[in-house]
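Below is one structure, written out as structure tokens; comments come after it.
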Amino acid sequence: MHRTSSRLLALLSLLQTRPDWSGEDLAERLDITPRTVRRDVDRLRELGYPIMAFKGPSGGYRLDAGTHLPPLLFDDDQAVALALALQTAAAGTTLAEDAARALATIRQVMPPRLRHRMDRMRITAVHPPGSGDTPQADAHVLTDLSTAIHTHAELRFDYAADGTATTGQRRRVQPHHLVTRRGRWYLLAWDLDREDWRTFRVDRIQPRTPTGPRFTPRELPGGDVAAFVMSRFRGSDATTDWPCQGQVVLNLPATTVAPFAQDGIVEELGPDHCRLTLGSWSWTGLAAAIGRFDTDIEVIGPPELNDAFAHLATRYANAVRKTVES
């Protein structure tokens with residue numbers, strides 16, 4: 000029994016490392032026969048893992064997405080990274096409560112060596128003065144809005160424009176984008192009744208179900224979400240007060256970047272990446288500010304920001320070389 004359980008865990012771990020595996024490759028890696036691989040795959044399916052078989056010269060298997068979340072396997076570095084990301088999300092963000100519960104669950108099943116590593120990393124969120132009373136958007140509302148945006152479905156919701164009304168105004172919109180600014184989430188949408196673009200605070204939205212018909216997305220004036228939202232906040236066509244402003248794509252969820260974006264604009268592009276528009280007094284300062292996000296960075300523009308990253312890379316490389324030489 001112990002041998003079978005260990006083999007099933009090893010098989011599951013392999014299936015998670017790449018999209019497709021042939022039966023022969025799995026048998027060779029696990030030192031078992033292809034027949035045993037088929038039996039073990041059937042056992043994992045009985046446990047709820049959606050493993051798909053595909054045809055080919057020798058056949059193969061793929062761990063697919065299912066209707067529910069089965070147990071997952073992580074290596075040591077993945078487990079610690081996940082715990083750190085959850086701790087970051089639990090530090091005063093929109094998903095704080097859910098992140099804290101998930102963090103407690105993961106910590107409980109961590110082996111002592113990983114729990115000690117995680118406990119040494121404590122994160123405290125420091126918010127600007129007066130931000131403690133900022134209403135937080137509901138995670139379920141964010142999910143509903145994001146789904147409507149990606150499926151191009153019209154939305155109906157009640158909206159408390161001043162934040163104090165017990166019953167909000169009925170609105171019908173075509174949702175375009177979710178953005179976050181200074182800790183608050185906003186929905187950018189085309190208002191069907193007012194026939195104009197509007198921004199709505201997500202914490203004041205109460206969605207109604209079901210959603211409306213599908214629509215063809217409109218082109219946003221100027222084509223730049225961040226610039227458009229910033230101009231709406233300032234009541235003018237000005238895009239920024241900063242002399243230097245740039246855009247990048249970060250391989251992090253918008254909910255992770257938002258608490259640290261200051262007065263920047265964060266646009267959700269998917270579950271694990273977002274677009275950040277940020278300003279600074281200098282291009283070098285802007286590149287350094289963006290570099291504090293510990294992830295891969297894709298520079299959208301302008302070229303001056305790309306040059307600033309290259310300049311900082313050379314400066315940091317020189318610093319490392321001088322340290323080694325000394």
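So the sequence shown is numbered by numbering that gives the first Met the number 0: it starts at 0 and just counts up by one. No residue lacks a Cβ here, since even glycine has one placed at the ideal position from N, Cα and C. Fair warning: this is a prediction, and the values are worked out from it, not measured in the lab.
Buried or exposed: residue i, going by 16 or more other Cβ atoms within 10 Å of its Cβ?
i	result
P212	exposed
V319	exposed
D39	buried
A103	exposed
I329	Absent from the model: residue 329. The displayed extent of the chain is 0 to 325, so no value can be given.
A257	buried
E297	exposed
S5	exposed
T313	exposed
R100	exposed
F227	buried
Q261	exposed
Q246	buried
R169	exposed
R180	buried
G47	exposed
For the beta strand (DSSP E) that residue i lies in, which residues bound it at each end?
i	result
S279	272-279
P206	204-207
G222	No beta strand (DSSP E) holds G222; DSSP gives it neither H nor E.
One question on the structure: do residue i and residue j come within less than 8 Å of each other, judged by their Cβ atoms?
i	j	result
V178	L191	no
L141	W184	yes
L29	L8	no
A286	C273	no
E194	Q173	no
V201	A136	yes
L43	L25	no
Y158	R217	no
M51	D63	yes
G263	T276	yes
I105	A80	no
P33	E45	no
D293	N250	no
H175	I148	yes
First and last residue of the alpha helix (DSSP H) that includes residue i?
i	result
W282	282-290
L186	Careful: L186 lies outside any alpha helix (DSSP H), inside the beta strand (DSSP E) at 183-190.
R197	Segment 195-200 is the beta strand (DSSP E) holding R197; no alpha helix (DSSP H) there.
L144	138-150
L113	111-118
A253	253-256
Determine the DSSP secondary structure at residue i, reduced to helix, strand or coil.
i	result
F214	coil
A312	helix
T322	helix
T294	coil
L81	helix
E267	strand
L154	strand
P174	strand
T3	helix
Q261	coil
I299	strand
W241	coil
Complete runs of the beta strand (DSSP E) confined to the stretch 7-79 [at least 3 residues]: 50-53, 59-62
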